[in-house]
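Chemist:
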Amino acid sequence: MSCVMLFRFSLYGFLKNQRYFEPFFLLILLDRGLSFTAVGFLIAFRELVVNLLEIPTGAIADVCGRRASLILSFLAYIAAFAVFAEAASLPWLYAAMFCFAVGEAFRTGTHKAMIFTWLRLNDREHERTKVYGYTRSWSQLGSAASVVVSAVFVLVSGDYAAVFYLSIAPCALNIVNFLGYPREVDGERSGASLGAVVRHTWRSLRDSFRKPGLRGLVLESVGFEGTFDAVKDYLQPVLSAAALAAAAHGVSVERYSDPQRAALFIGPVYFVVFILTSLGSRHAHRFCEKVGGEERAAGRLWAVASAVYALLTIAAFTAPGVSDSGAQEAPRAAGFSLGGAAMIAAFVALHVAQNVWRPILISRFDTHGSEAQGATILSIESQAQRIGTMLIAPLIGAAVDTVARHGPGGAFWPVGAIGATIACAFTILARARRSRAPLTDPADPRP
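For the sequence shown, my numbering begins at 1 and goes up steadily by one.
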């Protein structure tokens, strides 16, 4: 049973990340006429809808059954991908994003809670970071496989839209996977009445803000995860600019369309990114052991994030920008070769750091939470993270559009500057908190 469930948990992550549109999503929106500001507001809308639904859906998962919630989630994803494929106007894009947000709301926190329930039932709670990191590594391998498929498809077809249709089949397969989960991982249920859902949600909210440990973790999630989700897709226009730089250098890509040129660069880079992030997730527990526990590991990762965002700011300032329409300009060859390469390296480093961070953060939440509130507390964490993204994404989009039109420097330096400001603030706060009252770290082997 142990190996079977680890396989199913890993298969879930692998199939979940077969989102063939994801490496091109920002470019698809720009290609459909949106500015970076409009993209930021579309992302903010997604986060708002998820925030309105996430805690109640997490409570529904705890009270009514987690497997049913996951099936509803993936049905909503299927609807979203079908609408995205045909959406030619802003209202339809918002409709597709609404369906996607419903899927996110029913999914987030639920599967992680199922994993932790299974660990408790098998007396393997001490392996939280290891097992979650292992299953998350399969998610990243799924992303690596999906980017190869999507890049080849875009390269052959020269079109972005059909990658949404390709993403539907893995969703259907994951629904079949959920049907094989045992009832035990649904967790303890207290009844399916509306009153039970409301009471359960209220208790989880109260505990999340009353308990200092949970409250601090929620704030950290806002800073680290919220910022990362707002900035990560800016790697795509940077890689698209790299494709134009290659053409300017005489590399034989002129015969390809813009989507095909982008696929030539996005495919290999994202493949490397997801292989590295898979390794990062799988070995997060070793990083914790090496530095002396989960709390110390989190502090180190805040410092790494601060340094990488600072590098991104400097590199982006020297790199070429984008035109006021949101399309990439032909870059200055020397400027892109230095600043652009450093930007790509910084984005790769941020992806790896986030995938080391995530298993550690989730394990810290499970340490401070309770079994009965598992999915709800993790949904509260995800909701807080999305509030950060909801606020930061439009700000970054507007800043990029403004700098692209008026300067100074390359258009993307606000992405790094905003991230560096947030990461540095949390790094300072974390150090101050540890100096005043060192946290007791259950995963810390040191006395």
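Using N, Cα and C, we set each Cβ at its ideal position, and we do this for glycine too.
Treat the numbers as computed from the prediction; the structure is a model and nothing was measured.
If distances are taken between C-alpha atoms only, which option among V352, C171, V4, R67 comes closest to R136?
Modeler: Out of V352, C171, V4, R67, V352 has the C-alpha closest to the C-alpha of R136.
Chemist: For the alpha helix (DSSP H) that G133 lies in, which residues bound it at each end?
Modeler: 128–157
Chemist: Just the C-alpha distance for L75 and A172, rounded to the nearest angstrom, thanks.
Modeler: 8 Å
Chemist: Of all the alpha helix (DSSP H) runs that stay within the bounds of the segment 250–299, which reach a length of 4 or more residues?
Modeler: 258–282, 284–291
Chemist: Under 7 Å Cβ to Cβ from M97, same chain only, skipping five residues before and after it: list those, please.
Modeler: L42, F45, R46
Chemist: So the candidates are Y270, G267, T57, S240; which of them puts its Cα closest to the Cα of D258?
Modeler: Comparing alpha carbon positions, the residue from Y270, G267, T57, S240 closest to D258 is S240.
Chemist: Compare the beta carbon distance of I115 and Y132 with 9 Å and say whether it is the shorter of the two.
Modeler: yes
Chemist: Report the CB separation of V415 from Y270 in whole angstroms; it is logged as a contact under 8 Å.
Modeler: Not confirmed; about 18 Å, so no contact.
Chemist: Please check if any C-beta of chain B sits within less than 9 Å of the C-beta of L121.
Modeler: No chain B is part of this structure, which consists of one protein chain only.
Chemist: Roughly how many whole angstroms lie between the Cα atoms of L361 and Y256?
Modeler: 43 Å
Chemist: Quick test of the definition: if touching needs 3 or more C-beta pairs under 8 Å, does the segment 300–312 touch the segment 423–430?
Modeler: yes
Chemist: Thinking just about the alpha-carbon of each residue, which of L52, F14, F24 is nearest to the one in M390?
Modeler: L52
Chemist: Suppose the cutoff is 8 Å on Cβ atoms and the five residues either side in sequence are ignored; what does the same chain contact list for N177 look like?
Modeler: Beyond the five residues adjoining it in sequence on each side, N177 comes within less than 8 Å, by CB distance, of R8, L11, Y12, L15 in the same chain, given in chain order.
Chemist: Would you give the residue range spanned by the alpha helix (DSSP H) that P182 belongs to?
Modeler: P182 -> no alpha helix (DSSP H), and no H or E assigned at all.
Chemist: Measure the alpha-carbon distance for A105 versus A420 and round it to whole angstroms.
Modeler: 29 Å
Chemist: Going by DSSP in three states, T318 sits in which element: helix, strand or coil?
Modeler: helix
Chemist: Note down the Cα distance separating E381 from A315, rounded to an integer number of angstroms.
Modeler: 32 Å
Chemist: Could you check which residue in V238, L90, A263, P182 has the C-alpha nearest to that of A346?
Modeler: V238
Chemist: Short check: CB of A297 to CB of F265, under 9 Å?
Modeler: no
Chemist: Please state the DSSP three-state secondary structure of Q385.
Modeler: In this structure, Q385 counts as helix in the three-state DSSP scheme.
Chemist: S35 to L395, Cα distance in whole Å?
Modeler: Cα to Cα, the separation comes out at about 13 Å.
Chemist: What residue range is occupied by the uninterrupted alpha helix (DSSP H) comprising T117?
Modeler: It spans 110–121 - the alpha helix (DSSP H) in which T117 sits, taken as one unbroken run.
Chemist: Residues in the same chain with beta-carbon distance under 6 Å from A310, minus the five sequence neighbours each way, listed in chain order, please.
Modeler: A420
Chemist: So S281 and P359 are supposed to be a Cβ contact under 8 Å. How far apart are they, rounded?
Modeler: 6 Å
Chemist: Nearest-angstrom Cα distance between D123 and A113?
Modeler: 15 Å
Chemist: Do S73 and G109 have their CB atoms nearer than 9 Å?
Modeler: no
Chemist: Can you give me the C-alpha to C-alpha distance between P331 and G223, rounded to a whole angstrom?
Modeler: With a pLDDT of 40 at P331, under the threshold of 50, the modelled position of this residue cannot be trusted, and the question is left open.
Chemist: Quick check: the Cα distance between V39 and R32, rounded to an integer number of angstroms?
Modeler: 11 Å
Chemist: What does a CB cutoff of less than 8 Å around I78 pick up in its chain, not counting 5 residues either side in sequence?
Modeler: Taking C-beta separations shorter than 8 Å and ignoring five residues to either side along the sequence, the partners of I78 in its chain run I168, C171, A172, following chain order.
Chemist: From which residue to which residue does the alpha helix (DSSP H) around E86 run?
Modeler: 66–86
Chemist: Grab me the residues of A384's own chain with a C-beta within less than 7 Å of its C-beta, minus the 5 sequence neighbours each way, in chain order.
Modeler: So the qualifying residues of the chain are V218, S221, V222.
Chemist: Is the Cβ-Cβ distance between E294 and S363 less than 9 Å?
Modeler: yes
Chemist: Alpha carbon to alpha carbon, how far is R300 from A87? Give it in angstroms, no decimals.
Modeler: 43 Å
Chemist: For A393 versus V403, is the C-beta distance shorter than 9 Å?
Modeler: No. Outside cutoff.
Chemist: Which residues in the same chain have their Cβ closer than 7 Å to the Cβ of E125, if we skip the five residues on either side of it in sequence?
Modeler: Sequence-distant Cβ neighbours of E125 in its own chain, meaning closer than 7 Å and more than five residues away, are L119.
Chemist: Which stretch, first to last residue, makes up the alpha helix (DSSP H) that contains F412?
Modeler: Per DSSP, F412 lies in no alpha helix (DSSP H) segment and is marked neither H nor E.
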